[in-house]
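A.B. asks: My numbering numbers the first residue of the sequence shown as 632 and each following residue consecutively. Note that beta-carbon positions come from the ideal geometry of N, C-alpha and C, so glycine has one too.
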Amino acid sequence: MSKQLGLETQVVDPSVYANSVMRFREAGIRLPTLAQLAEPWTIPAEVHDALADVGPDDAHPLNLFRVHWYNGADRRTLEAVPDHVVLPKALTGVDAPIIVVLGEHFPMITAHKVLAAYGCLAPRLVTGQFDPLHHRAVWPSTGNYCRGGLAISKIMQCRGVAVLPEGMSQERFDWLERWALERRDIIRTPGTESNVKEIYDECARLEQVPSNVIFNQFCEYGNHLVHYAVTGRALAHVFKHLQADQPALRLFGFVSATGSAGTLAAGDWLKDEFGTRIAAMEAVECPTLLANGFGEHNIQG
Numbered sequence: 632m633s634k635q636l637g638l639e640t641q642v643v644d645p646s647v648y649a650n651s652v653m654r655f656r657e658a659g660i661r662l663p664t665l666a667q668l669a670e671p672w673t674i675p676a677e678v679h680d681a682l683a684d685v686g687p688d689d690a691h692p693l694n695l696f697r698v699h700w701y702n703g704a705d706r707r708t709l710e711a712v713p714d715h716v717v718l719p720k721a722l723t724g725v726d727a728p729i730i731v732v733l734g735e736h737f738p739m740i741t742a743h744k745v746l747a748a749y750g751c752l753a754p755r756l757v758t759g760q761f762d763p764l765h766h767r768a769v770w771p772s773t774g775n776y777c778r779g780g781l782a783i784s785k786i787m788q789c790r791g792v793a794v795l796p797e798g799m800s801q802e803r804f805d806w807l808e809r810w811a812l813e814r815r816d817i818i819r820t821p822g823t824e825s826n827v828k829e830i831y832d833e834c835a836r837l838e839q840v841p842s843n844v845i846f847n848q849f850c851e852y853g854n855h856l857v858h859y860a861v862t863g864r865a866l867a868h869v870f871k872h873l874q875a876d877q878p879a880l881r882l883f884g885f886v887s888a889t890g891s892a893g894t895l896a897a898g899d900w901l902k903d904e905f906g907t908r909i910a911a912m913e914a915v916e917c918p919t920l921l922a923n924g925f926g927e928h929n930i931q932g
């Protein structure tokens with residue numbers, strides 16, 4: 632079970648691990664630690680210097696070191712505090728200021744799902760559970776997670792496959808066609824944003840082939856852990872930055888869409904540090920947790 636959930640902490644297959652080391656050495660790939668992504672100023676200076684010649688949308692392994700919350704608006708420079716806006720009462724009607732942290736500065740996909748993908752694939756590689764010479768990484772999602780998965784797979788010299796509903800935005804498919812190694816690595820399933828069952832029906836079929844490894848964000852603990860360790864600390868930094876000028880501030884609540892519960896893990900970090908409450912949002916058209924409901928919605932996240 633731990634292998635299925637991505638929880639192994641020891642090398643499972645030394646020969647598979649050796650293949651990863653060989654592939655990465657040949658391609659000049661270095662993996663950032665989660666501690667470095669949580670505190671990117673600890674990334675070695677020579678890596679920061681080399682990044683000056685790499686664009687944030689380039690399929691280059693150095694962009695792994697940009698998979699964090701501290702990118703500037705140009706998606707190249709490093710900021711002291713994650714980019715954010717504070718919404719005042721005059722705008723929201725709410726007494727408490729509301730902090731919105733921006734995820735659009737992430738590399739390659741301009742969304743934070745690239746962090747979730749790295750948090751799922753990297754542990755499988757370093758524990759010898761994913762062989763870049765033989766396996767295909769299958770990324771089921773309604774859009775951004777599979778985009779992040781293909782991006783991370785490509786720059787880590789792994790074969791990535793996207794599985795998503797055919798009714799998702801054309802922009803998603805245009806992006807996927809630019810990044811996929813082959814068009815057959817983009818698998819369309821019936822429906823739109825809420826049609827998750829159809830995605831996993833297809834994954835059940837793909838899983839019958841031993842070379843396919845399904846990275847199911849709903850049960851990959853790497854999805855939770857990377858947001859706890861990286862996103863949670865980034866959000867805490869934003870709050871402490873604001874609290875430095877307003878000592879009376881306290882962090883009452885953290886709000887996130889439910890999705891696969893990855894980003895919600897950041898709330899656990901905030902709860903541990905500040906006693907913050909966690910609020911989960913879901914679409915009225917598909918209130919799964921609130922009312923065991925199902926249906927279509929078009930909030931493409």
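1) Could you check which residue in Asp714, Glu677, Ile845 has the C-alpha nearest to that of His766?
2) So, helix, strand or coil for Pro671, using DSSP?
3) So who's on the other strand from Trp900, going by DSSP bridges?
4) Are the CB atoms of Glu797 and Pro821 within a distance shorter than 8 Å?
5) May I ask you to report which of helix, strand or coil DSSP gives Ser887?
6) Once the 5 residues before and after Cys777 are set aside, which same chain residues still bring their CB inside 8 Å of it?
7) Alpha helix (DSSP H) containing Ile909: first to last residue?
8) Provide the residue span of the beta strand (DSSP E) that contains Arg819, from first to last.
9) Where are the alpha helix (DSSP H) runs, 4 residues long or more, that stay fully inside the stretch 693-727, in chain order?
10) Counting Cβ pairs closer than 8 Å, one from the stretch 669-680 and one from the stretch 691-699, do we hit at least three?
11) Hey, how far is the Cα of Met653 from the Cα of Lys902?
12) Of the choices Phe655, Gly774, Trp810, whose alpha-carbon is the least far from that of Val827?
13) Would you mind sorting Ala910 into buried or exposed? The rule is 16 or more other CB atoms within 10 Å of its CB.
14) Can you give the beta carbon distance from Leu733 to Asp714, rounded, assuming they're within the 8 Å contact cut?
15) Can Val898 and Thr907 be called in contact, C-beta distance under 8 Å?
16) Can you list, in chain order, the residues of its chain with a C-beta nearer than 6 Å to that of Phe870? Leave out the 5 residues immediately preceding and following it.
17) Using a 10 Å radius around the Cβ and a threshold of 16 neighbouring Cβ atoms, would you call Cys834 buried or exposed?
18) First and last residue of the alpha helix (DSSP H) that includes Ala649?
19) When the Cα atoms are used, what is the spatial distance from Leu837 to Arg815?
20) With Arg767 as the anchor, note down where its beta strand (DSSP E) starts and where it stops.
21) Alpha carbon to alpha carbon, how far is Val886 from Gly791? Give it in angstroms, no decimals.
22) How close, in whole Å, do the beta carbons of Ala669 and Ala865 come, if the pair is a contact with beta carbons under 8 Å?
23) How would you label Arg661, buried or exposed, when you count the other beta carbons within 10 angstroms and need 16 or more for buried?
24) Would Cys917 and Phe905 qualify as a contact pair, given that the criterion is a beta-carbon distance under 8 Å?
25) Quick one: what's got a C-beta closer than 7 Å to Ala681's C-beta in the same chain, skipping five residues either side?
26) Using the rule of at least 16 other Cβ atoms within 10 Å of the residue's Cβ for burial, across every protein chain shown, is Gly703 buried or exposed?
C.D. replies: With the structure as the only source:
1) Ile845
2) helix
3) DSSP lists no partner for Trp900.
4) Yes, they are a contact pair.
5) strand
6) Trp770, Pro771, Ala793, Val794, Leu795, Leu807
7) Careful: Ile909 lies outside any alpha helix (DSSP H), inside the beta strand (DSSP E) at 908-912.
8) 817-820
9) 720-723
10) Contact between the stretch 669-680 and the stretch 691-699 is present, because at least three Cβ pairs lie under 8 Å.
11) 41 Å
12) Among Phe655, Gly774, Trp810, the Cα nearest to that of Val827 is on Gly774.
13) exposed
14) 5 Å
15) As written in the sequence, residue 898 is Gly, which differs from the Val given in the question. Cβ atoms of Gly898 and Thr907: closer than 8 Å.
16) Leu882
17) Cys834 should be labelled buried.
18) Residue range 645-658 is occupied by the alpha helix (DSSP H) that includes Ala649.
19) Straight-line Cα distance between these residues: approximately 13 Å.
20) 767-771
21) 31 Å
22) For a cut-off of 8 Å, the C-beta gap from Ala669 to Ala865 is around 7 Å, short enough to register as a contact.
23) exposed
24) no
25) Leu693
26) exposed
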